[in-house]
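A.B. asks: Have a look at this one before I ask anything.
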Amino acid sequence: MNNKNKIEQLKQNGYSLDLGDVISQSFENYKKIALNAGIATLIVSIVLIALIFGGIGIFFGFTDLASNMADFHVSNFSATTLILYVIGTSLVAAIIYPFTAGIFKMANEAEMGRATSMSTAFDHYKSDSFKNLFLTGLLLGFLTNFLAVLFQYFHLDIIGTLVTYIVTFFAVFAIPLVIFEKNEPTEAILNSFALVIKQPFVILIALIVSAIIAMVGIIGLCIGIFFTLPVIYSTQYILFKNAIGVETKNEMEEIGMNTDL
Numbered sequence: 002m003n004n005k006n007k008i009e010q011l012k013q014n015g016y017s018l019d020l021g022d023v024i025s026q027s028f029e030n031y032k033k034i035a036l037n038a039g040i041a042t043l044i045v046s047i048v049l050i051a052l053i054f055g056g057i058g059i060f061f062g063f064t065d066l067a068s069n070m071a072d073f074h075v076s077n078f079s080a081t082t083l084i085l086y087v088i089g090t091s092l093v094a095a096i097i098y099p100f101t102a103g104i105f106k107m108a109n110e111a112e113m114g115r116a117t118s119m120s121t122a123f124d125h126y127k128s129d130s131f132k133n134l135f136l137t138g139l140l141l142g143f144l145t146n147f148l149a150v151l152f153q154y155f156h157l158d159i160i161g162t163l164v165t166y167i168v169t170f171f172a173v174f175a176i177p178l179v180i181f182e183k184n185e186p187t188e189a190i191l192n193s194f195a196l197v198i199k200q201p202f203v204i205l206i207a208l209i210v211s212a213i214i215a216m217v218g219i220i221g222l223c224i225g226i227f228f229t230l231p232v233i234y235s236t237q238y239i240l241f242k243n244a245i246g247v248e249t250k251n252e253m254e255e256i257g258m259n260t261d262l
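Note that this note's numbering has the sequence shown beginning at 2, numbered continuously upward.
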């Protein structure tokens, strides 16, 4: 069965997920990638925070940065400024997507029993999937940021936040669909929505549990969050693997199969 037929069958017939298995397998996977994924996440976060605050400082002025941030609301800005804001935040999302895909690759290699390295997190910046990952991030980033700005403009901030969370939740399979099933950007997003709706409660509970575990990292002077955050990626990977299926033969099994041939 080819990939497209498999996805279509799952969209029609659904799939089963055991919450206990997902949580236990996610934690086991996380333990294998925690250090390398944590260091990579810390490095990327420092760079992004510096770039974002640098950009905001240049845009609003460094002297009034604190007061401008405190008074920030989309209704205070012109349409041109809001368009630039949506484009900028969408580009940030697009740039991050290949990195997140690299963490998924790291989780997959750990599941196959292979040694992982921090550099794996950056592999998709030079892979064939980069374009589709970038475009997927750009599309979802634009959609969520546009909706957030739209609702905030009409002072419906809570609804805007809720809508963006819902979109992000249903797009949780978009990245693995691009890298493991070779979906195109719009195809990955639509397939993710169609697949997640088949098991929304199990997926939601698993992600909430992983988020709670990740928040434990704040105890470690906040720096620990970077090393507990990868548990969320491990959970997303295990959810996808158990729902859709990912090739996880390790190198020894492959050698054995080749020997038999």
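The beta carbon of each residue, even a glycine, is placed where N, CA and C say it ideally should be.
This one's a predicted model, so the numbers in the text were calculated from it and none came from an experiment.
1. Under 8 Å, do K33 and T117 count as touching if we go by C-beta distance?
2. By alpha-carbon positions, which one of V173, Q237, T101 and G218 ends up nearest to Y126?
3. Buried or exposed: where does Y98 fall if 16 or more other Cβ atoms within 10 Å of its Cβ makes it buried?
4. In this structure, does DSSP put S25 in helix, strand or coil?
5. Do you know whose CA, among F155, D124, T236 and Q13, lies nearest V210's CA?
6. On the three-state DSSP scale, how would you describe Y234?
7. When we look at the beta-carbon of K7 and count the other beta-carbons within 10 Å, is it buried (16 or more) or exposed?
8. Determine the direct distance from the alpha carbon of K132 to that of K199, and round the result to whole angstroms.
9. Taking the alpha helix (DSSP H) that V179 falls in, what are its first and last residues?
10. Give me, in chain order, the residues of the same chain whose beta-carbon lies closer than 8 Å to that of L144; leave out the 5 immediate sequence neighbours on both sides.
11. Does DSSP classify F78 as helix, strand or coil?
12. Straight-line CA distance for G114 to A108?
13. From I213 to I224, what distance separates their C-alpha atoms?
14. Where does I219 land, buried or exposed, given buried means 16+ other C-beta within 10 angstroms?
15. To which residues of the same chain is F241 closer than 6 Å at the C-beta, ignoring the five residues directly before and after it?
16. Taking the C-alpha atoms as reference points, what is the distance between L134 and P186?
17. What residues in its chain sit with their C-beta under 8 Å from that of I206, if we drop five residues either side in the sequence?
C.D. replies: According to the structure shown:
1. Contact flag set, yes.
2. T101
3. buried
4. Helix at S25.
5. T236
6. DSSP, read as helix, strand or coil, puts Y234 in helix.
7. exposed
8. 28 Å
9. From DSSP, the alpha helix (DSSP H) with V179 extends over A175 to F181.
10. V168
11. coil
12. 10 Å
13. 16 Å
14. exposed
15. F174 and P177
16. 7 Å
17. L20
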